[in-house]
Amino acid sequence: MSVIVRAKNLLLQPRAEWRRIEAEPAGVASTVIRVLLPLAAVPALCSALGLCLVGIRGGGAAVRLPWAVGALQALSLYLLAVVGLAAVGLITSLVAPTFGARAEPARGFKLAVHGATAALLGGVFLLVPPLAPLALLCALYSAYLVFTGIPIVMRCAPRRSVPYTAVVVLAGAVVGVLGNSAMTHFLFSGLGGAEVALHTPGGLLRLDAAGLAAASNQMADAAQRIASASEKQDAALQAQKQQGLPAAPGAPAVQDPDKGVVPAASLKAALPETLGPFARKSIEMQGGKVGERESSNAKADYASGEQRLRVELTDLGHMRRLMTDAGAVVQGERENAVESERTWQEAGRILHENYRKDGSFAQFTTTLRNGVVAELTGQRMNLDEVKAASSQLDLNLLENLRRGTTPAGAGATQ
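The sequence shown begins at 1 in UniProt numbering and counts up one residue at a time.
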């Protein structure tokens, strides 16, 4: 009898089919080869296809596994099903005398493997991950199959079927939990540099697992360096105060390049009156200090016919080193039918572009090595036009601007 016909009969007429199974002289090897191996492939293949093709959705995004990880997941799930059910079959046989049955491994394997038919076939719901909870209902039906099969296959008294079933189901649950933990460890240790694709409503974002790990390490190192530099600076200032030494005449207010910000007036001076065909229509600057946080910003609006361009210069201040260290590994892209977005690093600078394919909007951002950010946003402009305007800015001058302290609450607008 084919495994498909047997599965159908077990699901629809379990007691009659259990009698036919009990009458067959099949041994352990025959049960594993003819029944277990084909059925175990169902959840393994369906789960891999579902996670790689459909993905797991949540919060408006869908995470899809790369095919390499999907293959590892399928293999590990397949082995888990085969080894796990073999273990349950062995346990079923070992505890049989407790419930007045004979400890026969062949019968234990028959019960465990055929009893899991509903649960294994329920793996088809894993093709669509949101439907995965329905597989649990199939697992519950498998518990019923075991209950109906125990008095027939294991030849125990019907009154002992309930506790015997409870032991078998509990054994299956324990084996499943242990196997799942082992599978999770196997998958994550073998992920390596695999790339995970994050499908959001706005498009595709690719994440490199190795890159994310490197980013985490670099950002942690950067944060540690910033904290160390801050402690040294504070200690030096404290020692200077205790010794009563005045600051050297003409010395900059802040010696540490990670302290203070580029004055807003310097950023404003870097915004020219024209950028190619664009004439400046307005300009403003602001800078201030709230507690220990300093900031400076300057922006200008330009126009050429119906096209509008805004140029904004911002200093990240003490976040400079953290941002540039993180930028060493932060790269990504997102694209759909309407717009495209990309982030990458070039010559020590972090570059980011975002534009609509119909030419109605484009944005180009450059984070310089000293932490100054130049952001150009164009309306009714394509990306090439915005990049051309960006090339008119003196980025080298911006990159060499010196930092200083900003008076608390300072600000200006023009």
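From the three backbone atoms N, C-alpha and C, an ideal C-beta is built for every residue, glycine too.
Keep in mind it's a predicted model, so treat the numbers as computed, not measured.
Local conformation of residue i per DSSP, three classes
{"i": "Ala251", "result": "Confidence is the limiting factor: at Ala251 the pLDDT is only 38, short of 50, which leaves the residue's position unreliable, though a coordinate-based value still follows. Here Ala251 sits in coil by DSSP."}
{"i": "Met381", "result": "coil"}
{"i": "Asn9", "result": "helix"}
{"i": "Gly176", "result": "helix"}
{"i": "Gly27", "result": "coil"}
{"i": "Lys268", "result": "helix"}
{"i": "Gln392", "result": "coil"}
{"i": "Lys387", "result": "helix"}
{"i": "Lys281", "result": "strand"}
{"i": "Val128", "result": "coil"}
{"i": "Gly108", "result": "helix"}
{"i": "Glu306", "result": "coil"}
{"i": "Asp325", "result": "With a pLDDT of only 49 at Asp325, under the threshold of 50, the placement of this residue in the model should not be trusted; the figure read from the coordinates follows. Reduced to three states, the DSSP call for Asp325 is helix."}
{"i": "Gly89", "result": "helix"}
{"i": "Val82", "result": "helix"}
{"i": "Gly60", "result": "With a pLDDT of 48 at Gly60, under the threshold of 50, the predicted position of this residue should be treated as unreliable, though the coordinate-derived value follows. Correct three-state label for Gly60: coil."}
{"i": "Val261", "result": "strand"}
{"i": "Ser161", "result": "helix"}
{"i": "Leu368", "result": "coil"}
{"i": "Ser2", "result": "coil"}
{"i": "Pro133", "result": "coil"}
{"i": "Arg19", "result": "helix"}
Own chain residues within Cβ distance below 7 Å of residue i, not counting five before or after
{"i": "Val175", "result": "Gly84, Ala87 and Val88"}
{"i": "Tyr141", "result": "Ala118"}
{"i": "residue 465", "result": "Because the chain is modelled from 1 through 414, residue 465 falls outside the range shown and cannot be assessed."}
{"i": "Arg369", "result": "Thr324, Gly348, Arg349 and Glu399"}
{"i": "Ala388", "result": "Gly276"}
{"i": "Ala40", "result": "Tyr78, Ala81, Val82 and Leu120"}
{"i": "Ala300", "result": "Leu271, Arg280, Ser282, Ile283 and Val311"}
{"i": "Ala247", "result": "Confidence in Ala247 is poor, its pLDDT being 44 and thus under 50, which makes the residue's placement unreliable; the coordinate value appears in the next sentence. If we look at Ala247 and ignore the five residues flanking it on each side, it has no Cβ neighbours."}
{"i": "Gly123", "result": "Val42, Pro43, Cys46, Ser47 and Ala135"}
{"i": "Lys268", "result": "Ile283, Met285 and Ala298"}
For residue i: DSSP bridge partner residues
{"i": "Val311", "result": "Ala300 and Leu376"}
{"i": "Ile152", "result": "According to DSSP, which records beta bridges pairwise, Ile152 is partnered with nothing at all."}
{"i": "Trp67", "result": "None, per the DSSP bridge assignment."}
{"i": "Asn354", "result": "Glu341 and Gln363"}
{"i": "Leu275", "result": "Phe278"}
{"i": "Glu335", "result": "Ser340"}
{"i": "Ser142", "result": "Answer by DSSP bridge pairing: none, since Ser142 is not bridged."}
{"i": "Gln73", "result": "Partner(s): none; Gln73 has no beta bridge."}
{"i": "Glu399", "result": "In DSSP, Glu399 forms no bridge with anything."}
Inter-residue CB distance, residue i and residue j (contact presumed, cutoff 8 Å)
{"i": "residue 419", "j": "Ala143", "result": "Because the chain here runs from 1 to 414, residue 419 falls outside it and cannot be looked at."}
{"i": "Asn297", "j": "Glu312", "result": "7 Å"}
{"i": "Glu294", "j": "Val262", "result": "Not quite, the Cβ-Cβ distance comes to about 10 Å (not below 8 Å), so this is no contact."}
{"i": "Leu111", "j": "Met154", "result": "6 Å"}
{"i": "Val42", "j": "Leu120", "result": "5 Å"}
{"i": "Val168", "j": "Thr98", "result": "No, Val168 and Thr98 are not in contact; Cβ-Cβ is about 12 Å, not under 8 Å."}
{"i": "Val35", "j": "Val146", "result": "Incorrect: roughly 15 Å between the Cβ atoms, too far for contact."}
{"i": "Gln46", "j": "Leu127", "result": "Looking at the sequence provided, one finds Cys at residue 46 rather than Gln. Yes, Cys46 and Leu127 are in contact; Cβ-Cβ is about 5 Å, under 8 Å."}
{"i": "Thr148", "j": "Pro25", "result": "No, Thr148 and Pro25 are not in contact; Cβ-Cβ is about 21 Å, not under 8 Å."}
{"i": "Arg380", "j": "Glu306", "result": "6 Å"}
Own chain residues within Cβ distance below 6 Å of residue i, not counting five before or after
{"i": "Ser304", "result": "Pro277 and Phe278"}
{"i": "Arg6", "result": "none"}
{"i": "Leu401", "result": "Val262 and Ser266"}
{"i": "Gly378", "result": "Leu309, Ala362 and Val386"}
{"i": "Phe109", "result": "Val28, Thr31 and Gly89"}
{"i": "Glu22", "result": "Ile152 and Val153"}
{"i": "Ala157", "result": "Gly100"}
For residue i, the first and last residue of its enclosing beta strand (DSSP E)
{"i": "Ser47", "result": "Ser47 -> not in any beta strand (DSSP E); alpha helix (DSSP H) instead, spanning Leu37 to Leu49."}
{"i": "Gly348", "result": "Element bounds for Gly348: n/a, residue is neither H nor E."}
{"i": "Thr98", "result": "Here Thr98 belongs to no beta strand (DSSP E), and DSSP marks it neither H nor E."}
The alpha helix (DSSP H) enclosing residue i, as first and last residue numbers
{"i": "Leu120", "result": "Thr117 to Leu121"}
Minimum Cβ-Cβ distance from residue i to chain B less than 8 Å
{"i": "Ile350", "result": "Note that chain B does not occur in the displayed structure, where there is just one protein chain."}
Cutoff 8 Å; reference residue i; Cβ partners in own chain excluding five residues on either side
{"i": "Ala337", "result": "Lys357"}
{"i": "Asn180", "result": "Leu80"}
{"i": "Pro105", "result": "Val28, Gly89, Leu90 and Ser93"}
{"i": "Gly359", "result": "Arg380, Met381 and Asn382"}
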